[in-house]
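Chains F and E are the protein sequences, given in the same order. Under this note's numbering, think of the first position of the first sequence as 43, with each following residue one higher. Under this note's numbering, think of the first position of the second sequence as 43, with each following residue one higher.
Number of protein chains: 2
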Amino acid sequence: MPQEIIFSNDVASVLQAQILNLRPAGLFIVADSNTLPIALSLGLTQAHVITVPAGDDNKNLDSLSHIWTELQRNGATRQSLLLSVGGGMVTDIGGFAAATFKRGIRFINVPTSLLGAVDAAVGGKTGINFHNLKNEIGAFAPAHAVIISSCFLGSLPHSELLSGFAEMIKHALLCGEPQLSELLATDLADLDPERTLRLIRTSVMVKRDIVLKDPHESGIRKALNLGHTAGHAFESFALNAGRPVPHGFAVAWGLVTELVLSHMRFQFSSQLLHQVADFIGQHFGPFFITCDDYDALLSIMAHDKKSRSGEINCTLLSRCGQFHTDVTVSPDEMTAALDIYRDLLHI
Amino acid sequence: MPQEIIFSNDVASVLQAQILNLRPAGLFIVADSNTLPIALSLGLTQAHVITVPAGDDNKNLDSLSHIWTELQRNGATRQSLLLSVGGGMVTDIGGFAAATFKRGIRFINVPTSLLGAVDAAVGGKTGINFHNLKNEIGAFAPAHAVIISSCFLGSLPHSELLSGFAEMIKHALLCGEPQLSELLATDLADLDPERTLRLIRTSVMVKRDIVLKDPHESGIRKALNLGHTAGHAFESFALNAGRPVPHGFAVAWGLVTELVLSHMRFQFSSQLLHQVADFIGQHFGPFFITCDDYDALLSIMAHDKKSRSGEINCTLLSRCGQFHTDVTVSPDEMTAALDIYRDLLHI
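Okay, structure coming up:
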């Protein structure tokens, strides 16, 4: 079932039209403590608002159980509609709550962060973290609609913008060199809403086209895992060490690592690798690791959802737009790539 | 995705063939404390066995979380296979755990009870109870295969056999009068394995044909809810009152109630109604309720998953094989039907 993706900076009107069309029996909003003001600003006075604490470490079973309980207590039925208003944490957990409440009620995603707009809110992946493993429990469940705007981005911290930008770089790498060049030439300190919404649309369409061809990640959808084997490992490692990093930052560093592997295995352009690494080093800084951390990182990679029988699997590129999924990377290769990652980011 | 349904009394061989074919990376069995001996008898020495406490009140978030944790701890990947060996409680929770672990791994159902074989294990409904509401959280997720046999039924308590028989009566009512007559003429004290497997196959095929036409219960699958609006209410009411009853018994009493409604609204044959009520009274006995319980029962029915905006919805019959879904029943009609239910069962 394809998702309807609507690009508009008049979110309230788009939502009113959707609700008028769907005529749900009961309207529910899931927001977190940060996005609650945005949820309340949408003018949906008839909605029950369910709030979960902000932060990816709250994307857990407790928050999920809280949403289920509130839906139940307030009489949600199979004909109810749930709106998730927030970043990826909110759309992930809200979508999973909706996908499993009474075996599935309809939901609409209203991403409020750049990362949510270009990644989490689109494509039907929902879920929660479990025992420190990211998105360990979840379901493939397409939102009825995703409403994407740039009007909530102004209030985001700069680090949040960067987080979304990392996924946009990934999409550009999967699309073509012109798209990559345009992004790397973007002045992040001077983004106007029009240009931003245009860049977002380009980026979302890369993801949408891939997901449409393979909704359940049995084939080419794995392209979207570019940067994520190393990225998730950085993210989990940081979480375990008590110094969590934003998902997008982890993806940025993961992209550098996996472009190194792409160069080693598929002769991906050294010049582009250096351009991307320079951009990421300049804007995201480095994620400090030492050789002593490699064992822990490799172990996380081997337990990744994408892994088959304990091997490390990556999506790699031979050039922009040309990807290879399910590439098995040996521990030695990954170790070499982590060494070069540290060189490129001057660690 | 249609489920493969295999009827065989050589379950171990069928499973070996399935596993040889699927070549899973990691094999897991979910069983409960009652069905653990059956699980161990299948000869799958390579499997990790995960045990949950028996009983429908353990079909809850704690048991689900335990299964997820054990899968994770023992290195389950997306290429792993989970076998649910048990009654409906085990196949429901095992299926839901599999459907949501890493957003879905493959699973095979091996029902060990008659009720599980003719109902829970087939059709893709998975889930758990939540805050005393049955199957409140779950997913539609088809098993890779369902292996149905009659060889585990011999050790079942008589009440468990009866529980399954109630669903078989329901399927016969949805199929035709000859099937119903054959069932009502069955001597439950003298069932041989061959005849039992033949009756089970006929019954399962009724359900399978309906589910194939409507996997997500948006239309005719609701036929299978016959007896279940009143039945679930009896079951939840009994659970809340601390005197739980088997699901099949609740369905049997629900069938009597809804055949009364079918007679009132659609002139369902009074003679057949009495035949079914007599059979059920004789084998299942009555579920004792008084007028003072009606408010609680009606309130549960109005909060049923099948309900739309707080109304009571039933599937009713005009005759065997001819059903009407989504029939809204007024509180007065349901009250009258409960009165007649009590008369028919001599309460």
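Virtual Cβ for every residue (Gly too), placed ideally from N, Cα, C.
Subject >> Proximal residues of chain F, C-beta to C-beta of Thr111/E below 7 Å >> reply: The contacting residues are His173.
**OP:** Please name the residue in Gln313/E, Gln114/E, Gly296/E and Thr133/E whose C-alpha comes closest to that of Cys356/E.
**Re:** Taking Cys356/E as reference, the option from Gln313/E, Gln114/E, Gly296/E and Thr133/E with the minimal CA-CA separation is Gly296/E.
Original post:
Between Ala344/F and Ile354/F, is the Cβ-Cβ spacing less than 8 Å?
Top reply: Yes; because the gap between Cβ atoms is below 8 Å, this pair is in contact.
Subject >> Start-end ranges of the alpha helix (DSSP H) lying completely within the segment 212 to 249 of chain E, minimum 4 residues >> reply: Within the segment 212 to 249 of chain E, the complete alpha helix (DSSP H) runs of at least 4 residues are 219 to 226.
Subject >> Distance, Leu315/E Cα to Ile147/E Cα >> reply: Straight across, the Cα-Cα distance linking Ile147/E with Leu315/E is about 44 Å.
Original post:
Applying a beta-carbon distance threshold of less than 7 Å, which residues of chain F neighbour Gly130/E?
Top reply: Correct list: empty, because the minimum Cβ distance to chain F is about 15 Å.
Original post:
Would Ala231/E be called buried (16 or more neighbouring beta carbons within 10 Å of its own) or exposed?
Top reply: Counting the other Cβ atoms within 10 Å of the Cβ of Ala231/E gives fewer than 16, which makes it exposed.
**OP:** Quick one: which residues of the segment 161 to 193 of chain E get their C-beta closer than 9 Å to a C-beta of chain F? List them in chain order.
**Re:** Answer set for the segment 161 to 193 of chain E: Lys167, Thr168, Gly169, Phe172, His173, Leu175, Asn177, Glu178, Ile179, Gly180, Ala181, Phe182 and Ala183.
Original post:
What residues in the segment 293 to 308 of chain E bring their beta carbon closer than 9 Å to a beta carbon of chain F?
Top reply: Shown here is that no member of the segment 293 to 308 of chain E has a Cβ falling below 9 Å from a Cβ of chain F.
**OP:** Quick one: list the residues of chain F neighbouring Ala338/E, beta-carbon separation under 8 Å, in chain order.
**Re:** Identification of chain F residues near Ala338/E by a Cβ-Cβ cut-off of 8 Å yields none; the smallest Cβ-Cβ distance measures about 17 Å.
Subject >> Proximity to Leu239/E [Cα-Cα], best of Asp346/E, Asp98/E, Leu157/E and Asn76/E >> reply: Cα-wise, what sits closest to Leu239/E is Leu157/E.
**OP:** Starting from Phe70/E, find everything on chain F with Cβ-Cβ shorter than 9 Å and list it in chain order.
**Re:** At a beta-carbon threshold of 9 Å, none of the residues of chain F lie near Phe70/E; the nearest stands roughly 15 Å away.
**OP:** Using a Cβ-Cβ cut-off of 8 Å, state whether Phe143/F counts as contacting chain E.
**Re:** Closer than 8 Å: yes.
**OP:** Name, please, each residue of chain F whose Cβ falls closer than 7 Å to the Cβ of Gln324/E.
**Re:** Going along chain F, no residue has its Cβ under 7 Å from Gln324/E, so there is no contact; the nearest lies around 35 Å.
**OP:** Would you list, in chain order, the members of the segment 91 to 110 of chain F that have their beta-carbon closer than 7 Å to a beta-carbon of chain E?
**Re:** Taking 7 Å as the Cβ-Cβ cut-off against chain E, the residues of the segment 91 to 110 of chain F that qualify are Leu103, Ser107 and Trp110.
**OP:** For my contact list, Ala183/E and Thr119/E are in at a C-beta cut-off of 8 Å; report their separation, rounded to the angstrom.
**Re:** Not really, about 18 Å apart at Cβ, beyond 8 Å.
Subject >> DSSP state of Leu387/E mapped onto helix, strand, coil >> reply: Look at Leu387/E here: in three-state DSSP terms it is coil, with no helix or strand label.
Subject >> Coarse secondary structure for Gly180/E, derived from DSSP in three states >> reply: The answer is strand: DSSP assigns Gly180/E an E or B state.
Original post:
Which residues in chain E sit within 8 Å of Gln114/F, going by Cβ to Cβ distance?
Top reply: Correct list: Phe172, His173, Leu175 and Glu178.
**OP:** Assign Gly130/F to buried or exposed, taking buried as 16 or more other Cβ atoms, counted over all protein chains shown, within 10 Å of its Cβ.
**Re:** Buried, since its Cβ has 16 or more Cβ neighbours within 10 Å.
**OP:** Give a yes or no on whether 8 Å exceeds the smallest Cβ distance from Thr119/F to chain E.
**Re:** Yes, because at least one Cβ of chain E sits closer than 8 Å to the Cβ of Thr119/F.
Original post:
Any C-beta of chain E sitting closer than 8 Å to the C-beta of Gly146/F?
Top reply: At least one C-beta of chain E is nearer than 8 Å to the C-beta of Gly146/F.
**OP:** Would you tell me roughly how many angstroms separate the C-alpha atoms of Glu46/F and Leu124/F, rounded to the nearest one?
**Re:** Distance between the alpha carbons of Glu46/F and Leu124/F: 16 Å.
**OP:** For Val91/F, name the three-state secondary structure that DSSP assigns.
**Re:** Under the three-state reduction of DSSP output, Val91/F falls in the strand class.
Original post:
Okay, do the segment 283 to 296 of chain E and the segment 204 to 216 of chain E touch, 3+ Cβ pairs below 8 Å being the bar?
Top reply: In short, these stretches touch, since the Cβ pair count reaches three.
Original post:
What residues in its chain sit with their C-beta under 6 Å from that of Phe329/E, if we drop five residues either side in the sequence?
Top reply: Non-local beta-carbon contacts of Phe329/E in its own chain, meaning distances under 6 Å to residues more than five positions away in sequence, involve Phe276 and Trp295 in chain order.
Subject >> Residue span of the beta strand (DSSP E) that contains Arg115/E, given as start and end >> reply: Arg115/E: not part of any beta strand (DSSP E); member of the alpha helix (DSSP H) spanning Leu103 to Arg115, first to last residue.
**OP:** Could you tell me whether the Cβ atoms of Ser75/E and Thr93/E are closer together than 8 Å?
**Re:** In contact: Ser75/E and Thr93/E (Cβ atoms closer than 8 Å).
Original post:
Around the C-beta of Lys167/F, are 16 or more other C-beta atoms found within 10 angstroms, so that it is buried, or is it exposed?
Top reply: Counting of Cβ neighbours within 10 angstroms places Lys167/F among the buried residues, the total reaching 16 or more.
**OP:** Would you give the residue range spanned by the alpha helix (DSSP H) that Ser55/E belongs to?
**Re:** For Ser55/E, the enclosing alpha helix (DSSP H) covers residues Val53 to Leu64.
Subject >> Simplified DSSP state of Arg307/F, which is helix, strand or coil >> reply: Note: Arg307/F maps to helix in three-state DSSP.
Subject >> Of the residues Pro199/E, Leu386/E and Pro95/E, the one placed nearest Ser105/E, counting alpha carbons only >> reply: If you compare the alpha carbons of Pro199/E, Leu386/E and Pro95/E with that of Ser105/E, the shortest gap goes to Pro95/E.
**OP:** Say whether the segment 69 to 85 of chain F touches the segment 211 to 221 of chain F, bearing in mind that this needs 3 or more beta-carbon pairs closer than 8 Å, one atom from each stretch.
**Re:** The segment 69 to 85 of chain F makes no contact with the segment 211 to 221 of chain F: fewer than 3 CB pairs, one atom from each, lie closer than 8 Å.
Subject >> Contact check, Phe149/F vs His186/F, beta carbons under 8 Å >> reply: In contact: Phe149/F and His186/F (Cβ atoms closer than 8 Å).
Subject >> For Phe330/F, the three-state DSSP class (helix, strand or coil) >> reply: When secondary structure is reduced to three states using DSSP, Phe330/F falls in the coil class, being assigned neither helix nor strand.
**OP:** Tell me whether the beta-carbon of Ile189/E lies closer than 8 Å to the beta-carbon of Val164/E.
**Re:** For Ile189/E and Val164/E, no; Cβs fall outside 8 Å.
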